[in-house]
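Student: Here the protein sequences come in this chain order: Z and G.
Its first residue numbered 529, the first sequence is counted upward by one per residue in the working numbering.
Its first residue numbered 9, the second sequence is counted upward by one per residue in the working numbering.
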Amino acid sequence: MRPLNRLTMTRDSLIYLPSRRRPGSIFFNAMDAGLRRHDDNGVNDRLRKLGVLLMVMSFALLAGSIVSADSDAPGLGYQFTPLEPRAAAPDFTLSDMDGESYALHDYHGKVVLINFWATWCPPCRKEMPALEALYKKLGDESFAVLAVNQWEDPDHVFAYTGELNVFPTFPILFDPESAISEDYGVKGLPTSFLIDKKGRLAYRAVGGRDFDHAEVEKLIRELLAE
Amino acid sequence: MNAALLMKARVVLLVSLVAAVWLVLPAVGISAVTEHVSPDTGLSSWKSEGDALDFELLQVLPDYVRAVYTSRGLPKTVVDKVSSYCVFGTILRNTTERPLSYRVADWRYITPDGVRHRIRTKSEWVAEWRDMGVAFRWSMLPDDQTFAVGDWGQGFTTIALQPGSRFALEYSWTQDDKTETRMIEEVRCAPVEPPDHD
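#1: Please classify Phe-739(Z): is it buried, with 16 or more other beta-carbons within 10 angstroms of its beta-carbon, or exposed?
#2: Pick helix, strand or coil for Arg-145(G), following the three-state DSSP scheme.
#3: Can you give the Cα-Cα distance for Ile-723(Z) and Asp-204(G), rounded to whole angstroms?
#4: Quick check: what's the CA-CA separation for Ala-730(Z) versus Pro-70(G)?
#5: Please say whether Phe-608(Z) and Phe-714(Z) have beta carbons closer to each other than 7 Å?
#6: Enumerate, from N- to C-terminal direction, the unbroken beta strand (DSSP E) stretches of 3 or more residues contained entirely within the stretch 139-200 of chain G.
#7: Could you tell me whether the stretch 697-712 of chain Z touches the stretch 670-677 of chain Z, where touching means 3 or more Cβ pairs closer than 8 Å?
#8: With a 10 Å radius around its C-beta and 16 neighbouring C-beta atoms as the bar for buried, classify Thr-647(Z) as buried or exposed.
#9: According to DSSP, is Glu-57(G) part of a helix, a strand, or is it coil?
#10: Tell me, please, whether the stretch 15-22 of chain G touches the stretch 684-691 of chain Z by the rule of three or more beta-carbon pairs shorter than 8 Å.
#11: Would you report the Cα separation of Trp-115(G) and Arg-126(G), rounded to the nearest angstrom?
#12: Check each candidate in Val-73(G), Asp-59(G), Ala-11(G), Ala-17(G) and name the one with the smallest Cα separation from Thr-96(G).
#13: Is Thr-182(G) near Ser-109(G), with beta carbons less than 7 Å apart?
#14: Determine whether the Cβ of Ser-720(Z) lies closer than 7 Å to any Cβ atom of chain G.
#15: Mind checking the stretch 680-709 of chain Z against chain G and listing, in chain order, the residues whose C-beta falls within less than 7 Å of any C-beta there?
#16: Could one say the Cβ of Asp-88(G) lies closer than 7 Å to chain Z's Cβ atoms, at least one of them?
#17: Between the C-alpha atoms of Gln-67(G) and Lys-746(Z), what's the straight-line distance to the nearest angstrom?
#18: Three Cβ pairs or more, each shorter than 8 Å: is that satisfied between the stretch 152-162 of chain G and the stretch 83-100 of chain G?
#19: Have a look at Thr-104(G) and Ser-180(G) and give me their C-alpha separation to the nearest angstrom.
#20: Three-state secondary structure (DSSP) at His-125(G)?
#21: Comparing C-alpha positions only, which one of Thr-719(Z), Val-685(Z), His-741(Z) sits nearest to Asp-624(Z)?
#22: Which residues share a DSSP beta bridge with Leu-674(Z)?
#23: Report yes or no: do the stretch 659-670 of chain Z and the stretch 610-626 of chain Z share at least 3 C-beta pairs separated by less than 8 Å?
#24: Identify each residue in the stretch 615-629 of chain Z for which the Cβ-Cβ distance to at least one residue of chain G is less than 7 Å, and report them in chain order.
#25: Which residue's Cα is closest to the Cα of Asp-121(G): Arg-128(G), Ala-176(G), Ala-143(G), Ala-75(G)?
#26: Does any residue of chain Z bring its CB to less than 7 Å from the CB of Val-134(G)?
#27: Quick one: complete alpha helix (DSSP H) runs, 4+ long, within the stretch 73-119 of chain G?
#28: Relative to the C-alpha of His-633(Z), which candidate in Glu-680(Z), Gly-727(Z), Leu-752(Z) has its C-alpha closest?
Okay, here's the thing in structure tokens:
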């Protein structure tokens, strides 16, 4: 990796500068030129040393913040956003790979995790093992997982699941025209919802999640206890 | 003004400016852009971290774009049109404990001649596909999204430039009614063929 450039400014002040004339370069070149003029006048070079020291300290601080940002790079995450007030989850009836029908209203009284996904979506693939782990852990406790695939056909998805390290045992349903994801206002994949026992949208997560995280389990147990 | 007074004034200016860099910039968040070349593919990616919104651009080969859309069963006209664009995988992430939102319509790419161009949005692609009788609405980065805590997203961003072209990308987001804008310079479109690499 190599640092390219950094610019921080508000919309109103943003000006495009070619890389050869970045603000930092202009600033430091001007400062250096000013110090050289003092040398020409016979003034000692302590000012130059002070300037260099302060510049080094500044760059060290900035470099430290970059290293820190790298080391704190988040993974899938585990947070869900509460949806208030809880609205009724749009009902649907979809088929799985074997043509068996699943209707959301049949899950009334259970907490349901609906995961909108597709095989071509890398984070969908990444979160699948954790989703299976969660389902295995809580699947017997009035908790269900419905993975709603977007646009793809059962043959393609069946082949895909065979490539996974962990074969999903929860229902994979097919939303071939993306009508259901539209009803849920899904803009990007993956997006997941937690439905409470009354069939209401309780939480949403946009982007991949580590469903096997203790905080996710805690959230679901709280919904189960409601 | 004598030379000694002028020198003192310059020292004060020097210390003030360095202090501004040292103290003020970290407080408003500094975006650090790094370029990474994949040892597997030789393709480049650019990642900006340290802001409320992490932003990553990944070069995508035209052949890969064709493969993605062909394997979705989309017609050749759709495949050819999308793969004629300079396509990037784009990953965005809210790194803060407060919601933020973005709008692709607000972003611009700037060509070396200094001209600012708008970016074709997902809605425009989807509308074109709909007119062709294709209901597919995935793969492109959503036009706009509000990311709550922990939310992130990804999708293709399409730039109307030839393979290998260079440009700067200006992107922005809004948090707490304040819009922040950043620029990634010297971004390069993927070449036609996979680059040579170790």
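Just so you know, even glycine gets a beta-carbon here, dropped at the ideal spot from N, CA and C.
Since we're looking at a predicted model, the values are computed, not measured.
Tutor: Answer, in terms of the structure:
#1: Position 211 of the first sequence, counted from the start, is the residue given in the question as residue 739(Z). Within 10 angstroms of the beta-carbon of Phe-739(Z) lie 16 or more other beta-carbons, which makes it buried.
#2: The residue you call residue 145(G) lines up with position 137 of the second sequence. Here DSSP, grouped into helix, strand and coil, assigns Arg-145(G) to coil.
#3: Translated into the one-based positions of the first sequence, residue 723(Z) becomes position 195. Translated into the one-based positions of the second sequence, residue 204(G) becomes position 196. The C-alpha of Asp-204(G) is placed about 50 Å away from the C-alpha of Ile-723(Z).
#4: Residue 730(Z) sits at position 202 when you count from the first residue of the first sequence. Residue 70(G) sits at position 62 when you count from the first residue of the second sequence. If you take the alpha carbons of Ala-730(Z) and Pro-70(G), they lie about 41 Å apart.
#5: Residue numbering aside, residue 714(Z) sits at position 186 when the first sequence is read from its first letter. Residue numbering aside, residue 608(Z) sits at position 80 when the first sequence is read from its first letter. Checking the sequence, you will find Val at residue 714(Z) rather than Phe. Not closer than 7 Å, so no.
#6: List check, beta strand (DSSP E) in window: 152-155, 160-167, 174-183, 186-196.
#7: Touching, yes.
#8: By one-based count along the first sequence, residue 647(Z) stands at place 119. The residue in question, Thr-647(Z), is buried, as its Cβ has 16 or more Cβ neighbours within 10 Å.
#9: The sequence position of residue 57(G) within the second sequence is 49, counting from 1. For Glu-57(G), the secondary structure class from DSSP, reduced to helix, strand or coil, is strand.
#10: No: fewer than three Cβ pairs fall under 8 Å.
#11: In the second sequence, residue 115(G) corresponds to position 107, counting from 1. In the second sequence, residue 126(G) corresponds to position 118, counting from 1. Looking at the two C-alpha atoms, the distance is approximately 7 Å.
#12: Here residue 96(G) refers to the residue found at position 88 when the second sequence is read from its first residue. Sequence inspection shows Phe at residue 96(G); the Thr mentioned does not correspond to that position. Of the candidates Val-73(G), Asp-59(G), Ala-11(G), Ala-17(G), the one whose C-alpha sits nearest the C-alpha of Phe-96(G) is Val-73(G).
#13: As a working mapping, residue 182(G) is identified with position 174 in the second sequence. As a working mapping, residue 109(G) is identified with position 101 in the second sequence. In this structure, Ser-109(G) lies closer than 7 Å to Thr-182(G) by Cβ.
#14: What you label residue 720(Z) is simply residue 192 of the first sequence in a count that begins at 1. Using beta-carbon distances, Ser-720(Z) does not count as an interface residue toward chain G, since no partner is under 7 Å.
#15: Contact residues of the stretch 680-709 of chain Z toward chain G are Glu-705, Ser-706 (C-beta to C-beta distance below 7 Å).
#16: For the purposes of this step, residue 88(G) is taken as residue 80 along the second sequence, with counting starting at 1. Among the residues facing chain Z, Asp-88(G) is not included, as its CB has no counterpart in that chain under 7 Å away.
#17: Taking the first residue of the second sequence as position 1, residue 67(G) is located at position 59. Taking the first residue of the first sequence as position 1, residue 746(Z) is located at position 218. Distance between the alpha carbons of Gln-67(G) and Lys-746(Z) is about 39 Å.
#18: The stretch 152-162 of chain G makes contact with the stretch 83-100 of chain G; the number of CB pairs closer than 8 Å reaches 3 or more.
#19: Reading the second sequence from its first residue, position 96 is the one you call residue 104(G). Reading the second sequence from its first residue, position 172 is the one you call residue 180(G). Using only the alpha carbons, I get a separation of about 15 Å.
#20: Locating residue 125(G) in the second sequence gives position 117, where the first residue counts as 1. In the structure shown, His-125(G) sits in a strand (DSSP, three-state: E or B).
#21: Mapped onto the first sequence, residue 624(Z) falls at position 96. Cα-wise, what sits closest to Asp-624(Z) is Val-685(Z).
#22: Taking the first sequence and counting its residues from 1, the one referred to as residue 674(Z) is at position 146. Partner(s): Ile-642(Z).
#23: The stretch 659-670 of chain Z, when compared against the stretch 610-626 of chain Z, does not touch it at the 8 Å Cβ threshold.
#24: The stretch 615-629 of chain Z vs chain G, Cβ under 7 Å: nothing.
#25: Reading the second sequence from its first residue, position 113 is the one you call residue 121(G). Closest by alpha carbon: Ala-176(G).
#26: As a working note, residue 134(G) is residue 126 in the second sequence. Not one chain Z Cβ lies under 7 Å of Val-134(G).
#27: 84-91, all fully within the stretch 73-119 of chain G.
#28: As a position in the first sequence, residue 633(Z) is number 105, starting the count at 1. Per the Cα distances, Gly-727(Z).
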